[in-house]
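Residues 0 to 644, numbered by numbering that gives the first Met the number 0, are exactly what the sequence shown covers, in order.
A short worksheet on the structure shown next.
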Amino acid sequence: MSDLFPRLMSPLEIGTLRLRNRIVMLPHGTSMVQAGAPTDDDIAYYVRRAKDGPGLMVTGAAVTSLDSTRAGRKLIENFNGEALPALARRAQAVKAQGAAIIGQVVHLGREAIGMETAHPLLAPSAIRSPRDLQAPREMDGADIRRVVRDFAISARNLEQTGHDGVEIHGAHGYLVGQFLSPATNHRRDEWGGDPERRLRFLVEVIDAIREACGATFLLGLRLSAEEEIADGMELADTRRLVEALAAGHPVDYLSVTLGTRGSYVKDATQPVAPAARAASMLREASGLTTIVGQRITSPSVGEQILSGGQADAIGFARAFVADEQWVAKARSDKPALIRPCIGLNQDCRAFAPHLHCAVNPRAGREQDLAYEDAGSSKRPRRVAVIGGGPAGLEAARTAALRGHQVTLHEASGRVGGQFQYAAAVPYRAELIRIVDHLRDEVRRLGVAVELGRAIRRVSDLAGPVDALIVASGAVPRPLEPRLQHPTARVWLDILRDGVPEPHGRAQALVQDDGTGFWWTYGVVNALAEAGWKVTVATPSTAIAAAIPMESIAPLLVRLGQHGTTYRLLTVTSAVTDDGAQLTDITSGEDELVPFELVVVQTGRQSTAVLRGEHSGIETHWIGDCVAPRRVSNAIADGRRVAVAL
Ligand SMILES: Cc1cc2nc3c(=O)[nH]c(=O)nc-3n(C[C@H](O)[C@H](O)[C@H](O)COP(=O)(O)O)c2cc1C
Ligand code: SF4
């Protein structure tokens, strides 16, 4: 039993089900799916997290109907008989680890995720989703009755494949949500027109599932308490909705979240536990068992919500992506050992081609022993790691964990490398948690950390070593001569040295290199918040194209509030005393625009020390010193190389 988190670790009864703790793994599709069925990799992902883990796992949304399938068949197809044996294997494997398992079911309606539409889109009204090109077809009565039946068939399939229950995905603006919401349901028949009639589709789905499944089979409902869209459902609407449900068609639990597609996986710039207040209100109004999740990353926040009576159970999705042993570490009162999710959404939401994680190289690679850090080396050796950024830290940690005697050399006065500057951007301070965590792990595992002395050749090392891991990182490329001018800076200068005081007309130009990533937009954000009026120029056809979908909207709103403007298909071809010469790359036309400050995204170049040295010592290069990439690549390189030592 945990002293620190007694409520979180206490059992919970939902219907006839007794959960071993109040921790729920929230639904998150892994895309480790083939032809609509979970693969062995997907099953391994669940089993790893079920072991010594949450009381309940709700599986990522599975589609109920053929006309909600994707062309790539990367969503689980609950209606498809051929997917059922794999669903049964997954349910059995999870339950064997002591967790309950509930399958979430969805019809996507008008949302054509990735425009992968295999069929015409359906919706309560023919209103196009702002996220997609294609408009849906308005469902007629026969469509509605058929989809209601599909939900019931999917639920029965879950029951027959050994699941403990089904969760209706009524959140995030998919079909059930589209019927509930005044923004998307403009019908004037029995399924629309007023809140009661907008509720009818959901009620029919609930009733059909109850009729199709046994009395002990649990039925949960996920709702977005606030849709966060114009004319969408607000908390007062959802409150009335759950009161009506509780009175006439109660479900066994509510799972409360906020937002619709594009906004429901809140990034690190958003506050912690934003749905707790809404959950508390809906719980009180309905009297239903309530799960709340969303941007809850630490057990202490979960414990607080439970002891404040705001919810009955706490849901986590990305916390489980980032650390499969999250529950075991919390239960043994060692929360500091938990590898923190840093809320970037870069890798878990990119689905390239399936779920990965920036901080946990094993996520999505559960069966790949190359990333498995458990177990000790058969040949413990003296290992020197050169460079204390994320790659070097992860390599040092893994090598020490495996029994090697490790020294980590960092030329500067502190570890973290360039990632420290990524965390220097407004609202992104939380990123530093992964550096702090790795630093603490390295210390805990007895790595000798030597700061403040650069290692440029093997003879710079204090003593003999058996293996070298070089993680010397990357540096910004310098300004091209035609851009050099007293008003011009390299992007990293701003993050490292701080924002210059606005002066004159306070007009700043930030030239992106077309990558559209945080290295540029973080600088823009910092300048804008410091009072500069920023113009962003990019050779790309899009703004911030590499920033995950969930982060773009809040970022652009922040920038918009400070008057930031954009020039697409534009490069800065020179900086002079009269200003920046902006060139339209399609027409070739130049325009001279005065700016007090010009900041250029010059990109990064590797600084791989020891490359030419033939020391005879086994040497590996990892992370940005091989090629400048993302933090996920750095940490994965560090893990893989240290596992192989
Ligand atoms: C990779 C990924 C896939 C997701 N898929 C689903 C899903 O299938 N159904 C759903 O209701 N929510 C889905 N979500 C949202 C999560 O359930 C959760 O609400 C969200 O991630 C916020 O919780 P967190 O901060 O604990 O991650 C997904 C989230 C992630 C990161
Ligand atoms: S990829 Fe990033 S946001 Fe997603 S789980 Fe990992 S750390 Fe969290």
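We put the CB at the ideal spot given by N, CA and C, even for glycine.
How would you label Val556, buried or exposed, when you count the other beta carbons within 10 angstroms and need 16 or more for buried? As a first step, residue 556 is located in the sequence shown; it is residue number 557 there, counting from the start. So Val556 ends up on the exposed side.
Work out the CA separation of His162 and Arg17 for me, nearest whole Å. Locating residue 17 in the sequence shown gives position 18, where the first residue counts as 1. Locating residue 162 in the sequence shown gives position 163, where the first residue counts as 1. For Arg17 and His162, the gap between their C-alpha atoms comes out near 14 Å.
Report all residues from its chain with a CB closer than 6 Å to the CB of Ala34; omit the five preceding and five following residues, and keep chain order. Here residue 34 refers to the residue found at position 35 of the sequence shown. Within the same chain, Cβ atoms closer than 6 Å to the Cβ of Ala34 are found at Arg72, the five residues on either side in sequence being excluded.
From the DSSP output, in three-state form, read off Ile546 for me. Taking the sequence shown and counting its residues from 1, one reaches residue 546 at position 547. Here Ile546 sits in coil by DSSP.
Does the beta-carbon of Arg443, which I'm using as the reference point, lie nearer than 8 Å to any heavy atom of ligand 2? Residue 443 sits at position 444 when you count from the first residue of the sequence shown. The answer is no for Arg443.
So, is Thr68 buried or exposed, given that buried needs 16 or more other C-beta atoms within 10 angstroms? In the sequence shown, residue 68 corresponds to position 69, counting from 1. Burial call: buried.
Restricting to Cα atoms, I'd like to know which of Leu305, Gln309 and Gly54 is closest to Glu283. If you number the sequence shown from 1, residue 283 lands on position 284. When only C-alpha atoms are compared, the closest one is Gln309.
Run through the region 81-117 for me and flag every whole beta strand (DSSP E) of 3 or more residues, listed as ranges in chain order. Here the runs fully enclosed are 99-105.
Helix, strand or coil at Phe315 [DSSP, three-state]: As a first step, residue 315 must be located in the sequence shown, where it is residue number 316. Reduced to three states, the DSSP call for Phe315 is strand.
Under the criterion of a Cβ to heavy atom distance below 8 Å, does Phe150 qualify as lining ligand 1? Against the sequence shown, residue 150 aligns to sequence position 151. Not under cutoff, so the answer is no.
Return yes when at least one heavy atom of ligand 1 lies under 8 Å from the C-beta of Asn632, else no. By one-based count along the sequence shown, residue 632 stands at place 633. Within the chosen limit of 8 Å, ligand 1 does not reach the beta carbon of Asn632 with any heavy atom.
Start and end residues, beta strand (DSSP E) containing Ile13: By one-based count along the sequence shown, residue 13 stands at place 14. First-last of the beta strand (DSSP E) with Ile13: Leu11 to Ile13.
For a minimum of 4 consecutive residues, which ranges assigned as the alpha helix (DSSP H) are wholly contained in the region 254-340? Fully enclosed alpha helix (DSSP H) runs of 4 or longer: 275-285, 298-306, 317-321 and 325-330.
Across the region 454-470 and the region 379-387, are there enough close Cβ pairs to call them in contact, namely three or more that are closer than 8 Å? The region 454-470 and the region 379-387 touch, with no fewer than 3 CB-CB distances between them shorter than 8 Å.
Do the region 531-541 and the region 565-572 touch if we need at least three Cβ pairs shorter than 8 Å? Between the region 531-541 and the region 565-572 there are three or more inter-stretch CB-CB distances shorter than 8 Å, so the stretches are counted as touching.
Name, in chain order, the residues that DSSP records as bridge partners for Gly578. What you label residue 578 is simply residue 579 of the sequence shown in a count that begins at 1. Answer by DSSP bridge pairing, in chain order: Thr575.
Those residues which DSSP pairs with Met24 across a bridge: To locate residue 24, count along the sequence shown from 1; it is residue 25. Assignment of beta-bridge partners to Met24 by DSSP yields Met56 and Phe315.
So, Val23 versus Gly391, is the Cβ gap smaller than 9 Å? The residue given as residue 23 occupies position 24 in the sequence shown. The residue given as residue 391 occupies position 392 in the sequence shown. Not closer than 9 Å, so no.
Let me check one thing: in DSSP terms, what residues is Lys532 bridge-paired to? The residue you call residue 532 lines up with position 533 of the sequence shown. Residue pairing from DSSP places Lys532 in a beta bridge opposite Gln506.
Where do the ends of the alpha helix (DSSP H) carrying Thr397 lie? The residue given as residue 397 occupies position 398 in the sequence shown. Run containing Thr397: Pro389 to Leu400, per the alpha helix (DSSP H) assignment.
Which of helix, strand or coil does DSSP assign to Glu500? Within the sequence shown, residue 500 is the residue found at index 501, counting from 1. Reduced to three states, the DSSP call for Glu500 is coil.
Provide the residue(s) that pair with His168 in DSSP beta bridges, ordered along the chain. In the sequence shown, residue 168 corresponds to position 169, counting from 1. Within the DSSP secondary-structure output, His168 pairs in a beta bridge with Arg221.
Beta-ladder partner(s) of Tyr520, from DSSP: For the purposes of this step, residue 520 is taken as residue 521 along the sequence shown, with counting starting at 1. Note: Tyr520 sits in no beta bridge, so no partner.
Alpha carbons only, please: which of Val474, Glu242 and Glu595 is nearest the one belonging to Val533? Looking up residue 533 in the sequence shown gives position 534. For the residues Val474, Glu242 and Glu595, the minimum Cα distance to Val533 belongs to Glu595.
Measuring CA to CA, which of Val320, Trp325, Gly286 and Ala321 is closest to Gly301? Residue numbering aside, residue 301 sits at position 302 when the sequence shown is read from its first letter. Looking at Val320, Trp325, Gly286 and Ala321, the one whose alpha-carbon comes closest to that of Gly301 is Trp325.
Skipping 5 residues on each side, what residues in its chain have a beta carbon closer than 8 Å to that of Glu189? Indexing the sequence shown from 1 puts residue 189 at position 190. Here the set comprises Arg196 and Arg199.
Under the three-state DSSP convention, the category Trp190 falls into: Here residue 190 refers to the residue found at position 191 of the sequence shown. Three-state DSSP puts Trp190 in coil, outside helix and strand.
Proximity of Leu253 and Thr289 at Cβ, strictly below 9 Å: Residue numbering aside, residue 253 sits at position 254 when the sequence shown is read from its first letter. Residue numbering aside, residue 289 sits at position 290 when the sequence shown is read from its first letter. Yes, the Cβ-Cβ distance between Leu253 and Thr289 is below 9 Å.
Is Arg47 near ligand 2, in the sense that its beta carbon is under 8 Å from a heavy atom of that ligand? Your numbering for residue 47 matches position 48 in the sequence shown. Judged by the Cβ position, Arg47 fails to qualify as a neighbour of ligand 2 at the 8 Å threshold, every heavy atom of the ligand being at least this far.
Let's test the definition: count the other Cβ atoms within 10 Å of the Cβ of Ala428 and tell me whether it reaches 16, buried, or not, exposed. As a working mapping, residue 428 is identified with position 429 in the sequence shown. With fewer than 16 other Cβ atoms within 10 Å, it is exposed.
Can Val599 and Val489 be called in contact, C-beta distance under 9 Å? Position 600 of the sequence shown, counted from the first residue, corresponds to residue 599. Position 490 of the sequence shown, counted from the first residue, corresponds to residue 489. Yes, they are a contact pair.
Tell me whether Arg413 is buried or exposed, calling it buried when 16 or more other Cβ atoms sit within 10 Å of its Cβ. In the sequence shown, residue 413 corresponds to position 414, counting from 1. So Arg413 counts as exposed.
Taking the alpha-carbon of Asn359 as reference, which of Arg19, Gly52, Ala633 and Pro26 has the nearest alpha-carbon? Here residue 359 refers to the residue found at position 360 when the sequence shown is read from its first residue. Residue Ala633 is the option with its Cα nearest to Asn359.
Report whether the distance from the Cβ of Gly342 to the nearest heavy atom of ligand 2 is below 8 Å. Residue numbering aside, residue 342 sits at position 343 when the sequence shown is read from its first letter. Yes, the Cβ of Gly342 comes within 8 Å of a heavy atom of ligand 2.
Among Ser471, Asp322, Asn77 and Pro249, nearest to Arg610 - alpha-carbon criterion: Indexing the sequence shown from 1 puts residue 610 at position 611. Closest option to Arg610, Cα to Cα, is Ser471.
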